[in-house]
Amino acid sequence: MFPEQITLELGKYVNDFIYWLNNNYGMVFDVICNGVRWLLLNIEWMLLLMPWWFLIALVFILGWRLKSLLSGVVFAVMLFIIGAFGLWEPTMSTLAIVLTAVFFSLLIGIPLGIYMSSRDSVALVLKPILDAMQTLPSFVYLIPAVILFNMGKVPGVFATMIYALPPIIRLTNLGLRRVSQEMVEAAQSFGSSSWQLLFRIKLPQALPTIMTGVNQTTMMALAMVVIAAMIGAGGIGHVVVTSINRIDIAGGTESGLAVVFLAIIIDRLTQGLGDRFNANLS
Amino acid sequence: MFPEQITLELGKYVNDFIYWLNNNYGMVFDVICNGVRWLLLNIEWMLLLMPWWFLIALVFILGWRLKSLLSGVVFAVMLFIIGAFGLWEPTMSTLAIVLTAVFFSLLIGIPLGIYMSSRDSVALVLKPILDAMQTLPSFVYLIPAVILFNMGKVPGVFATMIYALPPIIRLTNLGLRRVSQEMVEAAQSFGSSSWQLLFRIKLPQALPTIMTGVNQTTMMALAMVVIAAMIGAGGIGHVVVTSINRIDIAGGTESGLAVVFLAIIIDRLTQGLGDRFNANLS
Amino acid sequence: MTTKLQTENLTKVFGRPSKQVWRMLKEGVAKDEILKRTGCTVGVNNVSFKVNKGEVFVIMGLSGSGKSTLIRCLNLLTKPTAGKVFVDGENILEYSREELRRLRQNKMAMVFQHFGLFTHMSVQNNVEYGLAVKGIPREEREKKAQQALEAVGLGGWQDMLPGQLSGGMQQRVGLARALANDPDILLMDEPFSSLDPLIRRDMQMELLELQDRLQKTIVFITHDINEAFKMGDRVAVMKDGIIEQTGTPEEILANPASDYIRDFVQDVDRSRVLQAKDIMFTPDALLSRKSGLKMAIREMQLHGISSVFVIGSGRKLLGLITIDDAVSALKDNKTVDDILKDDYFTTGPEIYVNELIPLAKDTRYPIAVVDENERLLGIIVRASVISAFVG
Amino acid sequence: MTTKLQTENLTKVFGRPSKQVWRMLKEGVAKDEILKRTGCTVGVNNVSFKVNKGEVFVIMGLSGSGKSTLIRCLNLLTKPTAGKVFVDGENILEYSREELRRLRQNKMAMVFQHFGLFTHMSVQNNVEYGLAVKGIPREEREKKAQQALEAVGLGGWQDMLPGQLSGGMQQRVGLARALANDPDILLMDEPFSSLDPLIRRDMQMELLELQDRLQKTIVFITHDINEAFKMGDRVAVMKDGIIEQTGTPEEILANPASDYIRDFVQDVDRSRVLQAKDIMFTPDALLSRKSGLKMAIREMQLHGISSVFVIGSGRKLLGLITIDDAVSALKDNKTVDDILKDDYFTTGPEIYVNELIPLAKDTRYPIAVVDENERLLGIIVRASVISAFVG
Amino acid sequence: GGDELVLADAGWDSIQIHNGIASFIIENGYGYETRVLSGSTAMTFTSLREGSIDIYMETWQGNLKDSYDEGIESGDILELSVNYDDSRQGYYVPTFVIEGDPERGIEPMAPDLRRVDQLHDYWELFEDPEDPGRGRIVGSPPGWEVDLIMKGKVEGYGLEEHYNYFSPGSDTALATALVGAYEKGEPIVAYHWEPSWVMGMYDFTFLEEDGFDQGKWADGYTCITPAMPVTVVVNAELPEKAPDVVAFLENYQTSTALTNYALSYMHEHDAGTDEAALWFLREYEELWSEWVPEEIAGKVREALAQ
Ligand SMILES: Nc1ncnc2c1ncn2[C@@H]1O[C@H](COP(=O)(O)OP(=O)(O)OP(=O)(O)O)[C@@H](O)[C@H]1O
Ligand SMILES: Nc1ncnc2c1ncn2[C@@H]1O[C@H](COP(=O)(O)OP(=O)(O)OP(=O)(O)O)[C@@H](O)[C@H]1O
Ligand SMILES: [Mg+2]
Ligand SMILES: [Mg+2]
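Chains as they are written, first to last, in the working numbering: chain A, 14 to 295; chain B, 14 to 295; chain C, 30 to 420; chain D, 30 to 420; chain E, -12 to 293.
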């Protein structure tokens, strides 16, 4: 269809660039890695240190306090089922990766979303980047990632973040932009600084939308569990991959469900925390 | 960590269930498939029928009319680059799958989102299902899907939809729930039917949020291009997989970029259409 | 007169009213106390009233006394906690959704305190909304909307968005939206509160004329007592969710039911409420045409007055004579007819006092109040005009 | 008197004003015409005024005439298209963001036409907002907020959300929020429009007292002419973005600059604006104590009056004599002093006419207007009281 | 020892078994720590080249052709030995297509089908659901070297007249399609290879071709596909790090049959890959004893006995 004479070999340059980067700045990437690794390993260590019943009890209490008694029970049962699937250890390992990725995603994403909402030019530049982060097939950047960061949990966290960041940025931006102009003006009339305007008016007003962003970021992070496993992050993702390679529907379903349960528990607890936070604000 | 005596073999039942389904209702799935296939093949046929310059011109004009002259130029250049990468044909094939998937996702997702916003109980039931759709690793359901629907483009569309549906449902729900109560009451005071309230007040008011949902659905659909290719949907995803299996960073980048460009073009044109639609409404 | 709208023991409590709340309500515990002790806010408390067809029923009261809650209960935007609402004799609380919808479409329209405009629609589409909902065809809709916009003085603004209009213009869009719908019953929650006096005066006239011409039934909330008394056939004054008094403006002015209401109406411009008939009195002395001059002079001297009206058969007013004229006429042997003056003022019984002020200022004689047949009903002296201001 | 707030050639055009718009503005093309031809709305057109420290400057005008736009330009919530705004002599348009912020924090507070409450915060936190922004410590903040809430009569409501309050209560929260901040300059955009008369009267008194005590400078938009004239030291009347007239209430009443303004003030209750000194006149006849009775009788007959005031040295008012008394006293050889009456009313020159009405009603003699030294300044007859109502 | 050696796990069973065997010997015989790093083929192979993986026990070099050759050429990786080279690959059909399956009531559908070139006559049997009117031959996962060959065969045999060469997208999808069709009793013709657990567990028939002939191969691959050597490859730095292990791996050699035995053991006993590895070490002591010096073998035997 498209004439064959016209060609563009952009990819080659990217390839060369990756190798050049690796040869010249390998050290820099190592430093970045170490920071993330430290947090990740500590979370994992803590999770694995806790007795299983303790974590179940903790989730029950959190669910109960933050949402409702029923929620607490449901979450506890879910966690118990994961254990009964024989997936406790990989789940904890995945949990550590996901928590780390979500943590850094929110840490980076919410400020970026705020920045994006504050200036149209920023939004204009950021939007295609976000589009690319979400649609560039992960394998495409995983190979460079492996070259730059090696395989393992840390690159797993990075891969996860690339995918999990956009929703929180987008929805923070959307939420902030939709705050009623009237309230913003009222706040300005009292000489609010940009900070005060943001923290006291805009963020609380945008909270429901931002919380949907947190939900989507969590979902995306968990959706990347398998991809992360493909670059050596281990965890349930690894179990899933193994089951899949064996076309073991049973194993796949169980490990898949474990991911889903984890998603539901993390999401609901975050939402509960958000509501609590909001209630305290007002 | 978790005691090994406690086990649950849920997966086995799922496994048996899938095979049972297949044996007893294979026909039903065939019928569903035929509907989707018909649309898909027609779109693809049309796309491949158009000369490349015609499509580029079309995109340019649409971009110009719906957004701005600059947008039109950027989109046209992007499409041209895809051609220059030598990816015209697979891109058209992917476009057909993505358009079909997005079309059906919006067709199902917006009504579901509306329904979800109308009743808390629906939201309560739907939320975990959406969570599962987004986090259940795709291969876990792709294996049953391949068993039920065989390999190819149609199961590719289904797989894409499973992943692309949740954002539009969620954001439609969010947007509708955040419509100002004052306007809803004003509309009710004139005896609006639920339909009128929905179409004349709530949907237009929620449009920015819904459009973010459309964006996310498009992004998710394009993010699934590779996964879809893994069950034989072909298109650029297939090129990506090939490159990856060959550890060909150059090829991966080019085909990956093609996906990104497609994402940006589709998204911006949809947004432009949404704005236009909204402007017409008021 | 047919009753168009009626409430019976209407009560609205915000929050989840427990048994305790009901008991406290019955015992007449104060609203503040109930809020403090149970967290429930009493919006409307056991309110019953009737509004007749073609009547303007004004609701007044302190801020937070439940006026908006009450008016919103009338079209069930707020669902009453207890009580009944009748429209044309039917309890609309028993209506199905569909019936309620038709009622709202055809019989009622509301003007909202906070306007409640649709921010995504042009002014034109906002005004057309009620008609569109009823399925009126586009052309008719556009015509009616345009008329309504003209009526509220927003002729050229139809293509703007509400956010681009000033507060008062927005309020008028809300007004036009309700008027365009041409309902039997207009529920108006402070519809003129953001309007300047000129436009407000126009709107008031417009509304009164509409009501008069088409026999609309109007429930009208306002904080402007002069407006209330000008517009209202009857006025209800609310306090803490209860209607403290209902009556015609004159009744309320004459017999305020409590100090609260007395206080409330303190600012009223009585001259715009009281009419000639309210302040006129039957003259102490009156002269029949047949009586002679002597009689006239005696009468005037007797009552210490310097002029007297002369009436014919059926109390028809013929003129006025002064004591000075009478005395000199007696000397000159003239008759009453010869000295009959006509440079006094007459007025109808329903003319408002404020219109009498210029007359009272310019005249040296009392003002004669006559009916359409020129029959003398009473007279008004300067002092009565002044006393209209102090009640 | 120091100028606190000043604007110079302030202009605000909504939309993107092209050269054409500026030319049309200069040529004085009508606002409607400009809108139709260019799509730009003229909000404020070349407005200049000064407000002194401690002054209440009231802005009135038709709905859509640019009042809100003007007041919003004063704290730069709306950025003027052209012109200057001076606060304490500094052109705030040249301020940096930080300076503007400090200005808004410390010198100005605004009450919004549509309240602009923060829906996610409790009433208490809404009122504390301005203080929190300034970094006032929590305890002081709470105390001040509580005081402000008490002042607007919302003592027990601090824990509610704005959405749970009635319209008037919400407006008072907005008021309390501005008051709590204790600014030099209060910008108030129809701050009392949703209030019932009782609370409104309280709020007006509260504000006037505050202004008097603390020398606040207040810019106040209202549609209620009586409120404007009651509150305003000076009143500006806007039309189509221009200030048509500025002046004291009396000046405007006395010399309306156009028919528009005459019309505008038609509804004003003059009795609450005009004072005794505005309607008194110098009596035609006055009797010095030293003059005899004969002189007195001649004076009265000459001017056709039945009573005359008697003054001593320095115009000090001594009393009043009637013609009847004078005639009989002359017969009985009595002196002026013997028949001096004191059953007339006296009043100060700054007493409002509406307070004179009861006197005018009850007295048979003119009312004497005297200064603090009992010197007669003028007299008021019934007719002048009545004429106060028609201007 | 004390050093840690990293083995690649690309996610399929046989490599895991070989990893189990090798790491048992390395840990217990040579005293190195070992660790298995799991990931996809592309990722693990990239890591091998980059050095974060030391040992790749089962490299299907044909599937990674360019990258493999590049790695060897650039000296990033060393090929130590051929693990096995008697693998078989080509087109398979479920055996019930030819013979039927009385137990499931399946009639023979193509009783005479033996060879690839006979597929001409059966295209209706293997109809492409997305392109009715043509047959579907399911080919190799994309990107593998063999993909070109399999596609070439379709053309070489002139099958493209009736058939579409359908790329399954991934080995998982390919396996699923085979298993799914088998379970459903539907006909399918697809590329696959042995040893693999699919071929081990289900009864498929390999469609024959002519013996290998360079001329036919050059002319559309119309002969049997040569076996693809499955090699043991290590990172170029391993010889420095652990020369003794390199010496061991240079001797490492099994066969398709042996690998298949281990795989069937797994499936029959519902065992994990580690158990299968242990079973293998116990069962084939003579075999692995030859790969290592006697002293080391002794240590391994000792550990096995525990
Ligand atoms: N954001 C805006 N965009 C466009 N036009 C506007 C905007 N805000 C105000 N205007 C226009 O500016 C003019 C003046 O509006 P403004 O709100 O100042 O009137 P106002 O005197 O406060 O009237 P009101 O008494 O009704 O509140 C109006 O014609 C209005 O349509
Ligand atoms: N949604 C709500 N939730 C809780 N309380 C409410 C709600 N709406 C109104 N109220 C309470 O009901 C009472 C009556 O409110 P309403 O709005 O009817 O007053 P109003 O008479 O219209 O006052 P205004 O003149 O200030 O508009 C108030 O005490 C208010 O706090
Ligand atoms: Mg109200
Ligand atoms: Mg205004």
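Note that CB positions come from ideal geometry on N, CA and C, so glycine has one too.
Keep in mind it's a predicted model, so treat the numbers as computed, not measured.
In chain order, what residues of the same chain lie with their CB nearer than 8 angstroms to the CB of W101 (chain B), ignoring the 5 residues before and after it?
For this step, residue 101 (chain B) is matched to residue 88 along the second sequence. Around W101 (chain B): W65, I95.
Alpha-carbon to alpha-carbon, V294 (chain C) and V152 (chain C):
Residue 152 (chain C) sits at position 123 when you count from the first residue of the third sequence. Residue 294 (chain C) sits at position 265 when you count from the first residue of the third sequence. If I take the Cα positions, the gap works out to 37 angstroms.
Taking just the CA atoms, how far does G187 (chain E) sit from S251 (chain E)?
Taking the fifth sequence and counting its residues from 1, the one referred to as residue 251 (chain E) is at position 264. Taking the fifth sequence and counting its residues from 1, the one referred to as residue 187 (chain E) is at position 200. If you take the alpha carbons of S251 (chain E) and G187 (chain E), they lie about 7 angstroms apart.
Buried or exposed: which applies to Q330 (chain D), given that a residue is buried once 16 or more other Cβ atoms fall within 10 Å of its Cβ?
Taking the fourth sequence and counting its residues from 1, one reaches residue 330 (chain D) at position 301. Per the 10 Å Cβ criterion, exposed.
R123 (chain E), DSSP secondary structure in three states:
The count along the fifth sequence starts at 1 and reaches residue 123 (chain E) at position 136. Reduced to three states, the DSSP call for R123 (chain E) is strand.
So the candidates are B:V253, B:D280, B:I260, B:T283; which of them puts its Cα closest to the Cα of T104 (chain B)?
As a position in the second sequence, residue 104 (chain B) is number 91, starting the count at 1. Ranking B:V253, B:D280, B:I260, B:T283 by Cα distance to T104 (chain B) puts B:V253 first.
Do you know how far the Cα of V414 (chain D) is from the Cα of D313 (chain D)?
As a working mapping, residue 313 (chain D) is identified with position 284 in the fourth sequence. As a working mapping, residue 414 (chain D) is identified with position 385 in the fourth sequence. Whole-angstrom Cα-Cα distance: 18 angstroms.
Taking P221 (chain A) as the query, report the chain B residues whose CB atoms sit under 9 angstroms from its CB, ordered along the chain.
As a first step, residue 221 (chain A) must be located in the first sequence, where it is residue number 208. Chain B residues near P221 (chain A): L187, R190, R191.
Residue environment, F32 (chain E), which counts as buried when at least 16 other CB atoms sit within 10 Å
Within the fifth sequence, the letter at position 45 stands for residue 32 (chain E). Buried.
Could you name the residues of the same chain whose beta carbon sits closer than 7 angstroms to that of R291 (chain C), not counting the 5 residues immediately before and after it, in chain order?
In the third sequence, residue 291 (chain C) corresponds to position 262, counting from 1. Answer for R291 (chain C): P285, listed in chain order.
Simplified DSSP assignment, three categories, for D288 (chain A):
The count along the first sequence starts at 1 and reaches residue 288 (chain A) at position 275. In the structure shown, D288 (chain A) sits in a helix (DSSP, three-state: H, G or I).
Taking I260 (chain B) as the query, report the chain A residues whose CB atoms sit under 8 angstroms from its CB, ordered along the chain.
Sequence index remark: in the second sequence, residue 260 (chain B) carries index 247 (1-based). Result: I156.
Let me confirm a value: H256 (chain E) is counted as buried when at least 16 other C-beta atoms fall within 10 Å, else exposed. Which label applies?
Sequence index remark: in the fifth sequence, residue 256 (chain E) carries index 269 (1-based). Per the 10 Å Cβ criterion, exposed.
Can you list, in chain order, the residues of its chain whose CB lies under 7 angstroms from that of K60 (chain C), leaving out five sequence neighbours each side?
For the purposes of this step, residue 60 (chain C) is identified with residue 31 of the third sequence, where counting begins at 1. Answer for K60 (chain C): V71, D269, G270, listed in chain order.
If we ignore side chains and look at the alpha-carbon of each, how far apart do G(-12) (chain E) and G18 (chain E) end up?
Counting from one through the fifth sequence, the residue named residue -12 (chain E) turns up at place 1. Counting from one through the fifth sequence, the residue named residue 18 (chain E) turns up at place 31. Because G(-12) (chain E) carries a pLDDT of 43, less than 50, the predicted location of this residue cannot be relied on, and no value is offered for it.
Please classify H332 (chain C) as buried or exposed, where buried requires at least 16 neighbouring CB atoms within 10 angstroms.
The count along the third sequence starts at 1 and reaches residue 332 (chain C) at position 303. Classification for H332 (chain C): exposed.
Alpha carbon of M129 (chain A) to alpha carbon of I175 (chain A), nearest angstrom
Numbered from 1 along the first sequence, position 116 holds the residue referred to as residue 129 (chain A). Numbered from 1 along the first sequence, position 162 holds the residue referred to as residue 175 (chain A). Using only the alpha carbons, I get a separation of about 17 angstroms.
Simplified DSSP assignment, three categories, for N36 (chain B):
Residue mapping note: residue 36 (chain B) aligns to position 23 of the second sequence, counting from 1. In the structure shown, N36 (chain B) sits in a helix (DSSP, three-state: H, G or I).
Could one say the Cβ of E(-9) (chain E) lies closer than 7 angstroms to chain A's Cβ atoms, at least one of them?
Walking along the fifth sequence from the start, residue -9 (chain E) turns up at place 4. With 7 angstroms as the cut-off, E(-9) (chain E) does not count as an interface residue toward chain A.
Excluding the 5 residues flanking A214 (chain E) on each side, which residues of the same chain have their C-beta closer than 6 angstroms to its C-beta?
Translated into the one-based positions of the fifth sequence, residue 214 (chain E) becomes position 227. The answer, listed in chain order, is D72, D73, S74.
Three-state secondary structure (DSSP) of P129 (chain E):
Locating residue 129 (chain E) in the fifth sequence gives position 142, counting from the first residue. In the structure shown, P129 (chain E) sits in coil (DSSP, three-state: anything other than H, G, I, E or B).
Would you verify that the beta carbon of I278 (chain B) is, or is not, closer than 7 angstroms to some beta carbon of chain E?
Numbered from its first residue, the second sequence carries residue 278 (chain B) at position 265. Cβ-Cβ to chain E under 7 angstroms: no for I278 (chain B).
Can you pull the DSSP bridge partners for H179 (chain E)?
Residue mapping note: residue 179 (chain E) aligns to position 192 of the fifth sequence, counting from 1. Its beta-bridge partners are E:G77.
What is the DSSP secondary structure of Q209 (chain B), counted as helix, strand or coil?
Stepping through the second sequence from its first residue, residue 209 (chain B) is reached at position 196. Looking at Q209 (chain B) - three-state DSSP - the assignment turns out to be helix.
Using only CA atoms, which one of D:I228, D:L236, D:D231 lies nearest to L216 (chain D)?
As a first step, residue 216 (chain D) is located in the fourth sequence; it is residue number 187 there, counting from the start. If we check each option's Cα against that of L216 (chain D), D:L236 comes out closest.
Element boundaries [beta strand (DSSP E), containing I244 (chain B)]
Counting from one through the second sequence, the residue named residue 244 (chain B) turns up at place 231. Looking at the DSSP string, I244 (chain B) is not in any beta strand (DSSP E), and its letter there is neither H nor E.
Along the stretch 203 to 215 of chain A, where does the CB come closer than 8 angstroms to a CB of chain D? Name the residues.
F203, G204, S205, S206, Q209, R213, I214
CB A109 (chain B) to CB T173 (chain B), shorter than 7 angstroms?
What you label residue 109 (chain B) is simply residue 96 of the second sequence in a count that begins at 1. What you label residue 173 (chain B) is simply residue 160 of the second sequence in a count that begins at 1. No, these two residues do not count as a Cβ contact at 7 angstroms.
Taking 8 angstroms as the cut-off, does the stretch 191 to 205 of chain B touch the stretch 265 to 282 of chain B (at least 3 CB pairs, one atom from each stretch)?
no
Residues of chain A with CB closer than 9 angstroms to the CB of M267 (chain D), please, in chain order.
For the purposes of this step, residue 267 (chain D) is taken as the residue at position 238 of the fourth sequence. Within 9 angstroms Cβ-Cβ: nothing; M267 (chain D) doesn't reach chain A, min ~21 angstroms.
Of the residues that make up the stretch 82 to 95 of chain D, which ones have a beta carbon closer than 9 angstroms to any beta carbon in chain C?
M89, G90, L91, S92, G93, S94, G95
Keeping to the same chain, check which residues put their C-beta closer than 6 angstroms to that of A168 (chain E); ignore five residues upstream and five downstream.
Mapped onto the fifth sequence, residue 168 (chain E) falls at position 181. So the list reads I175, once near-sequence residues are dropped.
So F152 (chain B) contacts chain E; which residues on that side make the cut at Cβ distance below 7 angstroms?
As a first step, residue 152 (chain B) is located in the second sequence; it is residue number 139 there, counting from the start. The answer, in chain order, is T159.
Report all residues from its chain with a CB closer than 7 angstroms to the CB of C46 (chain A); omit the five preceding and five following residues, and keep chain order.
Along the first sequence, one-based indexing puts residue 46 (chain A) at 33. F162, V167.
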